[in-house]
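Student: Sharing a structure, written as structure tokens. Questions coming.
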Amino acid sequence: MRILFATGNENKIAEAREVFEPLGHTVEGLIIDGHRPNFDEPKDLGIEAVAEAKISQALALIEGSELQGSAILVEDSGIFLDAFPEWPGAESSDVERDIGLEGIIQRVNQSGERGTEYRAVAILSSENQVWKSQGVCRGTISNRPLGSNGFGYDPIFIPDEGDGRTFGELSNEVKNQISHRKKVMEGLSNLLKSPSR
Ligand code: IMP
């Protein structure tokens, strides 16, 4: 199956490829009229609502074009701090831009609660069929940013399933074995009943 991933984030595309390509599927970014489409995201409603909004907008955009009928993949994800339920969640990228990783560490230090998790929701639609999956990766927030691999919150995220280093310090290969995105994409690939085409 040729999967068109509606995201502007190349890291996400690379992570999805790691899961789908060994199964015989291909993954590339969705491009319409030479551009990666932007979507209206109801962030106040959470990551699942955002993923649903993205898939309906993406399907509407390709209707009537040569891409109609293609398999479209969307994903929304965020980090959730145990000390602040549902926060920053769907607003992770905005909060990261506004207060930075140091601002997050400061709030976590003040709360005394370092537990956290990444969550992802992905939806795949192909030929009037729709599959949805969720993925979670538990961890703790580090005392300071470490490493430059990955993106976003990775320099301050220490996965429980790792060796005590942050995702920023771990290789992409290691992140891709245990991340929320690996889990959400794996969940989708398990739901795809028909053999790859
Ligand atoms: P989205 O592109 O709207 O789904 O926003 C995802 C945001 O959540 C990113 O910009 C990061 O701030 C955060 N995030 C989600 N997944 C990851 C990850 O794997 N590593 C680091 N940050 C992530």
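Numbering (our numbering) for the sequence shown: 164 to 360.
We put the CB at the ideal spot given by N, CA and C, even for glycine.
This one's a predicted model, so the numbers in the text were calculated from it and none came from an experiment.
(1) Just how far apart, CA to CA, sit residue 324 and residue 301?
(2) Taking the alpha helix (DSSP H) that residue 229 belongs to, which residues open and close that run?
(3) Counting only the same chain and skipping the five closest in sequence on each side, list residues whose C-beta sits under 6 Å from that of residue 294.
(4) Less than 6 Å between C-beta atoms, sequence neighbours within five positions excluded: which residues of the same chain meet that for residue 209?
(5) To the nearest angstrom, report how far apart residue 216 and residue 322 are at their CA atoms.
(6) Assuming residue 305 is part of the beta strand (DSSP E), what are its boundary residues?
(7) From the DSSP output, read off the bridge partner residues of residue 239.
(8) Among residues of its own chain, excluding the 5 on either side of residue 309, which ones have a beta-carbon nearer than 8 Å to its beta-carbon?
(9) With a threshold of 7 Å on Cβ separation, who are the neighbours of residue 171 within its own chain once the five nearest residues in sequence on each side are excluded?
(10) Is the Cβ-Cβ distance between residue 280 and residue 243 less than 7 Å?
(11) Cutting at 6 Å between CB atoms, please list the residues of its own chain near residue 239, excluding the five before and the five after it.
(12) So residue 183 is in the alpha helix (DSSP H); what residue range does that whole segment cover?
(13) What is the DSSP secondary structure of residue 289, counted as helix, strand or coil?
Tutor: Concretely, from the data shown:
(1) 8 Å
(2) Note, residue 229: premise wrong, no alpha helix (DSSP H); not H, not E.
(3) 287, 351, 354
(4) 253
(5) 29 Å
(6) No beta strand (DSSP E) contains residue 305, which DSSP labels as neither H nor E.
(7) 284
(8) 318, 319, 328, 329, 331, 332
(9) 199
(10) yes
(11) 210, 213, 214, 284
(12) 173-183
(13) strand
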